[in-house]
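Here the sequence shown stands for residues 670 to 1074, where the numbers follow the working numbering. Structure record follows, encoded as structure tokens.
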Amino acid sequence: MGDSQALAQAIRQAALDLGFDDAGLVPAGPTLTHGFYLDWLKDGLGGELTYLTRHAELKADPRRVAPWAQTVLMTARGYRPAAPRPEGNFSSRTARYAWGPDYHLDMRERLDRLGREVERLAGQPVRRRSFVDTAPLMEREWAARAGLGWVGKNGLLIHPRLGSYLFLGGVLLELPLPSAPGSGGFSRSAETPGASQADSRCGTCQACIAACPTGAITAPRRVDARRCIATPTIESKGLPPLELRPHMGDWVFGCDVCQEVCPWNRKAPSRHGPAEDPPELDRWLMLDPASFQQRYRHTPYGRPGAGGMARNAALALGNRLAAGGWDELSAGRGLTALLQALGRAEPVARGAAAWALGRACQARPEGRVAAQGLLAAALARESDPSARQEMEQALAVLKALGATA
Ligand code: B12
Ligand code: SF4
Ligand code: SF4
670 MGDSQALAQA
680 IRQAALDLGF
690 DDAGLVPAGP
700 TLTHGFYLDW
710 LKDGLGGELT
720 YLTRHAELKA
730 DPRRVAPWAQ
740 TVLMTARGYR
750 PAAPRPEGNF
760 SSRTARYAWG
770 PDYHLDMRER
780 LDRLGREVER
790 LAGQPVRRRS
800 FVDTAPLMER
810 EWAARAGLGW
820 VGKNGLLIHP
830 RLGSYLFLGG
840 VLLELPLPSA
850 PGSGGFSRSA
860 ETPGASQADS
870 RCGTCQACIA
880 ACPTGAITAP
890 RRVDARRCIA
900 TPTIESKGLP
910 PLELRPHMGD
920 WVFGCDVCQE
930 VCPWNRKAPS
940 RHGPAEDPPE
950 LDRWLMLDPA
960 SFQQRYRHTP
970 YGRPGAGGMA
980 RNAALALGNR
990 LAAGGWDELS
1000 AGRGLTALLQ
1010 ALGRAEPVAR
1020 GAAAWALGRA
1030 CQARPEGRVA
1040 AQGLLAAALA
1050 RESDPSARQE
1060 MEQALAVLKA
1070 LGATA
């Protein structure tokens, strides 16, 4: 194929044929919102995600990652499930992206196939590197520049037809090609993406900013990673700050609130039917590490691991019990699971269970005496300093409750 515009269009079409919902190409060059990124880091909003600082300079231009790159091919694949999950006292509330298999593997495979298709269409070997969360690239800006949508006030890339429940990924190509924008681009976005608020279809809407349970969206497109529920439930190894825990509500893995309220997701097409439900909250608390590894290693839950998921489930259960409205039988089941979790192998899970007991007993005072006894016994055998601290704090909460009972 001689004409490079026709080749760029053929590559877009190949991406659609491979199951991507949209794709676009844009010449590689400097990242336009890199200054915003550096300010974000300087203000400490990356928190414990230290790799973001390590990669900061590389993100200034994809050619720092791959000096030979001439074109950025960006793709998007929707993951909105067809139906919501039924909600009960013990059901696990998890981000929709975790409802299917690990997206990194699926996207990676499709992108590798797309790379081979590029070579076939170009009729020559093409040096390339595919990425999905795996390279120091500002994927949202590049997606916007490739005409896949705009960066909304919630910080997410929104496609006017597909909404924001999208995985992004792409391929860097050593092949000079002209822009071939995806179908989500509009007016100036392919030319000056992310340059101003005008490059957005959010208009006067502020729904995501108002709804974020932790106040993590501190300004349009500026998300404080330290407060975003995805960090403490997916990325962190330890326990979130005390002040944040009640605001995390009952999310056990990630959070979708700023997407649930977004009007652009109302009519977004769904990708798959209801997936297998994750274990209930008390099951996460009882799942031993070997069974967890066997069942969840290759799912998104593998990232926090058995201890991390038990920690998350304990915090969520504590918050749910504290919200009230439980019948006695269910409350007994919840409190028993938390008491048993004091015996888990991971200190972070023991600490979370202790905090959750203190919190839950504020709404369920009938559990206080048993909780006090078992917490004191757990503290006596505890050797981990942070778990000890959590237990001491929880005991102080329970003692204060007793004094006011
Ligand atoms: C680190 C990270 C996180 C961190 C930090 C979140 C954040 N807001 O940056 C945490 C763990 C909190 C997180 C959470 C989530 N993440 Co995340 N995350 C990433 C990762 C690996 C890097 C992002 C990064 O560098 N952030 C730092 C910010 C400052 O830079 P940036 O995102 O590159 O770009 C910003 C600028 O371009 C700016 N911008 C653009 N134009 C303009 C214009 C103006 C005027 C201004 C001022 C700014 C501006 O807006 C962007 C957002 O702040 C990317 C993958 C990647 N390599 O890009 C996935 C990614 C962004 N995450 C993704 C997802 C799905 C999520 C969650 C929805 C998961 C969940 N359900 O819990 C949440 C959503 C939180 C949110 N509202 O943003 C998807 C987003 C898909 C989409 N539709 O946009 C990505 C692209 C992964 C993927 N390959 O699909 N994530
Ligand atoms: S994912 Fe949840 S916690 Fe994070 S910014 Fe969105 S609403 Fe806030
Ligand atoms: S909820 Fe409103 S402000 Fe937030 S991203 Fe969606 S349209 Fe934009």
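Backbone N, C-alpha and C fix where the C-beta goes; we use that ideal spot for every residue, glycine too. No experiment lies behind these values; they were computed from the predicted model shown.
For residue 820, is the beta carbon positioned less than 7 Å from some heavy atom of ligand 1?
For the purposes of this step, residue 820 is taken as residue 151 along the sequence shown, with counting starting at 1. Result yes, Cβ under 7 Å from ligand 1.
In its own chain, which residues sit with a C-beta less than 7 Å from the C-beta of residue 925, not counting the 5 before and 5 after it?
Taking the first residue of the sequence shown as position 1, residue 925 is located at position 256. The residues are 764 and 765.
What does residue 1010 pair with, by DSSP beta-bridge criteria?
On the sequence shown, position 341 is the one that residue 1010 refers to. Looking at the DSSP assignment, residue 1010 forms no beta bridge with any residue, so it has no partner.
Starting from residue 743, trace the beta strand (DSSP E) in both directions and tell me its first and last residue.
Position 74 of the sequence shown, counted from the start, is the residue given in the question as residue 743. Taken as a continuous stretch (DSSP letters only), the beta strand (DSSP E) holding residue 743 covers 740 to 747.
Under the three-state DSSP convention, the category residue 860 falls into
For the purposes of this step, residue 860 is identified with residue 191 of the sequence shown, where counting begins at 1. Any reading at residue 860 is ruled out, since the residue's pLDDT is 44, under 50, leaving its predicted position unreliable.
What are the uninterrupted segments assigned as alpha helix (DSSP H) that are 4 or more residues long and contained completely in the segment 913 to 988, given in chain order?
926 to 929, 950 to 955 and 958 to 965
Less than 6 Å between C-beta atoms, sequence neighbours within five positions excluded: which residues of the same chain meet that for residue 897?
Taking the sequence shown and counting its residues from 1, the one referred to as residue 897 is at position 228. The answer, listed in chain order, is 885.
Whether or not the segment 875 to 890 and the segment 953 to 971 are in contact is what I'm after, with contact meaning three or more pairs of Cβ atoms, one per stretch, closer than 8 Å; do they touch?
no
As assigned by DSSP and simplified to three states, the class of residue 893
Counting from 1 along the sequence shown, the entry for residue 893 is found at position 224. It is coil, neither helix nor strand.
Does any C-beta atom of chain C lie closer than 8 Å to the C-beta of residue 951?
Note that chain C does not occur in the displayed structure, where there is just one protein chain.
Look up residue 900 in the DSSP assignment and say whether it is helix, strand or coil.
Taking the first residue of the sequence shown as position 1, residue 900 is located at position 231. If DSSP states are grouped into helix, strand and coil, residue 900 belongs with the helices.
Under 8 Å: do the segment 917 to 935 and the segment 810 to 824 share three or more Cβ pairs, one atom per stretch?
yes
Local Cβ density within 10 Å of residue 1052, reported as buried at 16 or more and exposed below that
Indexing the sequence shown from 1 puts residue 1052 at position 383. Exposed, since its Cβ has fewer than 16 Cβ neighbours within 10 Å.
Could you give the C-beta distance for residue 832 and residue 882, rounded to a whole number, given that I count them as a contact under 8 Å?
Locating residue 832 in the sequence shown gives position 163, counting from the first residue. Locating residue 882 in the sequence shown gives position 213, counting from the first residue. About 21 Å; that fails the 8 Å criterion.
Does residue 774 pass the burial test, meaning 16 or more other C-beta atoms within 10 Å, or should it be called exposed?
Taking the sequence shown and counting its residues from 1, the one referred to as residue 774 is at position 105. It is exposed - the Cβ of residue 774 has fewer than 16 other Cβ atoms within 10 Å.
Could you check how far apart the C-beta atoms of residue 852 and residue 870 are, in whole angstroms? I think they sit under 8 Å.
Within the sequence shown, residue 852 is the residue found at index 183, counting from 1. Within the sequence shown, residue 870 is the residue found at index 201, counting from 1. Rounded, the Cβ-Cβ distance is 14 Å, inconsistent with contact.
Measuring from the CB of residue 878, is there a heavy atom of ligand 2 at a distance below 7 Å?
For the purposes of this step, residue 878 is taken as residue 209 along the sequence shown, with counting starting at 1. No.
Flag this pair as yes or no: are the beta carbons of residue 684 and residue 849 separated by less than 8 Å?
As a first step, residue 684 is located in the sequence shown; it is residue number 15 there, counting from the start. As a first step, residue 849 is located in the sequence shown; it is residue number 180 there, counting from the start. No, the pair does not count as a contact, with Cβ atoms beyond the cut-off.
Given residue 673, which residues of its chain have a CB within under 8 Å of its CB, disregarding the five upstream and five downstream residues?
Counting from 1 along the sequence shown, the entry for residue 673 is found at position 4. So the qualifying residues of the chain are 845, 846 and 847.
Coil, strand or helix - residue 832 by DSSP:
The sequence position of residue 832 within the sequence shown is 163, counting from 1. Reduced to three states, the DSSP call for residue 832 is strand.
Going straight from the alpha carbon of residue 1047 to that of residue 739, what length do you get?
Stepping through the sequence shown from its first residue, residue 1047 is reached at position 378. Stepping through the sequence shown from its first residue, residue 739 is reached at position 70. In a straight line, the C-alpha of residue 1047 is about 60 Å away from that of residue 739.
Leaving out five residues before and five after residue 892 in sequence, what residues of the same chain have Cβ atoms less than 7 Å from its Cβ?
As a first step, residue 892 is located in the sequence shown; it is residue number 223 there, counting from the start. Cβ neighbours of residue 892 beyond the five flanking positions: 824, 885 and 886.
I need the straight-line Cα distance from residue 860 to residue 733, nearest angstrom please.
On the sequence shown, residue 860 is found 191 positions in, with the first residue counted as 1. On the sequence shown, residue 733 is found 64 positions in, with the first residue counted as 1. Caution applies to residue 860, whose pLDDT of 44 falls short of 50 and renders its modelled position unreliable; the model cannot decide the point.
For residue 819, list the residues DSSP reports as bridge partners.
In the sequence shown, the residue the question calls residue 819 occupies position 150. Paired residues: 827.
Provide the residue(s) that pair with residue 800 in DSSP beta bridges, ordered along the chain.
For the purposes of this step, residue 800 is identified with residue 131 of the sequence shown, where counting begins at 1. In the DSSP output, where bridge partners are listed per residue, residue 800 has 839.
What do you get for residue 1007, buried or exposed, if any count of 16 or more other CB atoms within 10 angstroms of its CB means buried?
Looking up residue 1007 in the sequence shown gives position 338. Result: buried.
Which residues in the same chain as residue 1013 place their Cβ atom closer than 8 Å to its Cβ, once the five residues preceding and following it in sequence are excluded?
Within the sequence shown, the letter at position 344 stands for residue 1013. Closer than 8 Å at the Cβ level, and outside the excluded window around residue 1013, lie 954, 976, 979, 1019 and 1022.
Given 7 Å as the limit, tell me if residue 871 has its C-beta closer than that to any heavy atom belonging to ligand 3.
Translated into the one-based positions of the sequence shown, residue 871 becomes position 202. Yes, since a heavy atom of ligand 3 falls inside the 7 Å radius drawn around the Cβ of residue 871.
Using DSSP with H/G/I as helix, E/B as strand and the rest coil, what is residue 693?
Translated into the one-based positions of the sequence shown, residue 693 becomes position 24. Residue 693 falls in the strand class under three-state DSSP.
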